[in-house]
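Q: Shown below is the structure under consideration.
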Ligand code: SF4
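Residue numbers (the numbering used here): 38 to 297.
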């Protein structure tokens, strides 16, 4: 399998692209076609990316048969935070130091979560042909574990609150992962329903916690993702990018070009 940058260098779709078009087609155009640079990055995004890097470092160490220390993970967080090249937009009362302390507290919880399986792969890229008339869907699976002889997909997230049941059930990301797992022939996977995907949500609370939410997908849901991807691509080719003004505009990085 090619690397993620190689897959993304070719025409492709991703779950992020599809979700962006569904939330606001004009935002999709600014982000993916016009490629307008963001003036600043919300702190939550940089924080989530940096915690994600620390969790990937934890899984990678375990893949190599080592147990990382808290300092190892915290260092990985700090390197990723420092790598953000754009200005980081802090919320009222937020400081980088307070976020750094929060990250450490969250990583303590992650490090002590009982390990339920053997690590098979970390940051595994995938490419799925959804339909002949559209580019492939590409992405990266955070972690593939083997539990009781079966592959389990783990998706790391950070969030301020528990995911709703609807998000766990309907999010397109697990659908893409389940389809990819089937194509990759992972252990114990004979049909899409065999694939267990777990949202491992690290909660950013005064007392951090993990909300581990298993889910599965069906053929109907795979067909739905295919249908939505075809519709998004058709809209893109036809130049259909209406604005969807609403609550999300308040934090949209494209507020300025959108109001001109
Ligand atoms: S400001 Fe609102 S309408 Fe404009 S691109 Fe952003 S989300 Fe869409």
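Glycine residues also receive a C-beta, built at the ideal position from the N, C-alpha and C atoms.
Count the other CB atoms within 10 Å of the CB of residue 198; is the residue buried (16 or more) or exposed (fewer)?
A: Exposed, since its Cβ has fewer than 16 Cβ neighbours within 10 Å.
Q: Identify the continuous alpha helix (DSSP H) that holds residue 282 and give its terminal residues.
A: That residue, residue 282, is in no alpha helix (DSSP H); it is neither H nor E in DSSP.
Q: Are there 16 or more other CB atoms within 10 angstroms of the CB of residue 161, so buried, or fewer, so exposed?
A: Residue 161 comes out buried.
Q: Tell me the DSSP secondary structure of residue 104 in three-state form.
A: Residue 104: coil per DSSP, three-state reduction.
Q: Between residue 64 and the ligand SF4, is the CB less than 6 Å from at least one heavy atom?
A: For the ligand SF4, at least one heavy atom lies less than 6 Å from the Cβ of residue 64.
Q: Please report the Cβ distance between residue 289 and residue 123, rounded to the nearest whole angstrom; I am assuming they are in contact, meaning their Cβ atoms lie under 8 Å.
A: Rounded, the Cβ-Cβ distance is 15 Å, inconsistent with contact.
Q: Determine whether the beta carbon atoms of residue 229 and residue 188 lie at a separation below 7 Å.
A: Their beta carbons are not under 7 Å apart, which means residue 229 does not touch residue 188 by this criterion.
Q: Assuming residue 178 contacts residue 163 under a Cβ cut-off of 8 Å, what Cβ separation, rounded to an integer in Å, is found between them?
A: That belief holds up - the Cβ atoms of residue 178 and residue 163 are roughly 6 Å apart, short of 8 Å.
Q: Would you kindly check if the distance between the Cβ of residue 252 and the Cβ of residue 211 is under 7 Å?
A: Against a cut-off of 7 Å, the Cβ pair of residue 252 and residue 211 comes out as a contact.
Q: By Cβ distance, which residues of its chain are closer than 7 Å to residue 3, with the 5 residues on each side in sequence left out?
A: The question about residue 3 has no answer here: the residues shown for the chain are numbered 38 through 297.
Q: Count the CB pairs spanning the region 229 to 240 and the region 268 to 279 that are closer than 8 Å, and state whether there are at least three.
A: Output reads no: the region 268 to 279 does not touch the region 229 to 240.
Q: How would you label residue 116, buried or exposed, when you count the other beta carbons within 10 angstroms and need 16 or more for buried?
A: Exposed.
Q: Measure the alpha-carbon distance for residue 263 versus residue 125 and round it to whole angstroms.
A: Going by the C-alpha atoms only, they are around 35 Å apart.
Q: What's the C-alpha gap between residue 268 and residue 53?
A: Spanning the two alpha carbons is a distance of roughly 15 Å.
Q: Taking 6 Å as the cut-off, is the C-beta of residue 278 nearer than that to any heavy atom in the ligand SF4?
A: Checking every heavy atom of the ligand SF4 against the Cβ of residue 278, none is found closer than 6 Å.
Q: For residue 108, which option in 130, 147, 84 has the closest C-alpha, if you only look at C-alpha atoms?
A: Comparing Cα positions, the closest option is 147.
Q: Determine the extent of the beta strand (DSSP E) in which residue 229 is found, giving its start and end residues.
A: Note, residue 229: premise wrong, no beta strand (DSSP E); not H, not E.
Q: Helix, strand or coil: which one does DSSP assign to residue 151?
A: Coil at residue 151, not helix or strand.
Q: Considering only their Cβ atoms, is the gap separating residue 150 from residue 247 smaller than 7 Å?
A: Going by C-beta atoms, residue 247 is nearer than 7 Å to residue 150.
Q: I'd like the span of the beta strand (DSSP E) that includes residue 241, first residue to last.
A: Looking at the DSSP string, residue 241 is not in any beta strand (DSSP E), and its letter there is neither H nor E.
Q: Verify the contact flag: residue 29, CB atom, against every heavy atom of the ligand SF4, threshold strictly below 6 Å.
A: Nothing about residue 29 can be reported from this structure: the residues present for the chain run from 38 to 297 only.
Q: Residue 159: buried (16+ other C-beta within 10 angstroms of its C-beta) or exposed?
A: With 16 or more other Cβ atoms within 10 Å, it is buried.
Q: With a threshold of 6 Å (Cβ to nearest heavy atom), would residue 292 be considered close to the ligand SF4?
A: The answer is yes for residue 292.
Q: How do the region 81 to 99 and the region 135 to 145 stand: do at least 3 beta-carbon pairs fall below 8 Å, yes or no?
A: Touching, yes, given that three or more Cβ pairs across the two stretches are closer than 8 Å.
Q: Determine whether the beta carbon atoms of residue 131 and residue 80 lie at a separation below 7 Å.
A: For residue 131 and residue 80, yes; Cβs fall inside 7 Å.
Q: Can you tell me whether residue 105 is buried or exposed, with buried defined as 16 or more other CB within 10 angstroms of its CB?
A: That one is buried.
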